[in-house]
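For the sequence shown, our numbering assigns the number 11 to the initial residue and increments by one for each residue that follows. In what follows, a single structure is set out as structure tokens and then discussed.
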Amino acid sequence: MSWLNLNQSFNSLKGQITNFASEVLSENAGDDVDSEETGISSSFKELEDKCNTQQLEIAALKKLNEELQATLQNEMFLKVVTPMVIGSLYVPTEGARRLT
């Protein structure tokens, strides 16, 4: 009979250990899921912030590009128009000779 009680004690202890291990593993699995979700959420936030920063940089570069193109067009216009204006304003002085 004592062997029977000993087997029951071992079975009871085994059951308690099994239950405890199951609880610990299920808690850790829940913690892993929570930490995984937190990691994914923070990674997503970081990527979203980087995208927003890059969109602002792109907008600033597009504006700068437009300004530089406008400046270049003005400079090219002045190179073409300035000699024409200066040439049309040329008035010979009395001492100047005309080359014909």
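We treat Cβ as the ideally placed atom computed from N, Cα and C, and that holds for glycine.
| Query | Result |
| --- | --- |
| Straight-line Cα distance separating S52 from Q9 | Within the shown structure, residues of the chain are numbered from 11 to 110, placing residue 9 beyond reach of any answer. |
| Rounded C-alpha distance that separates S45 from L78 | 49 Å |
| Same chain, Cβ closer than 8 Å to T48, five either side skipped, listed in chain order | none |
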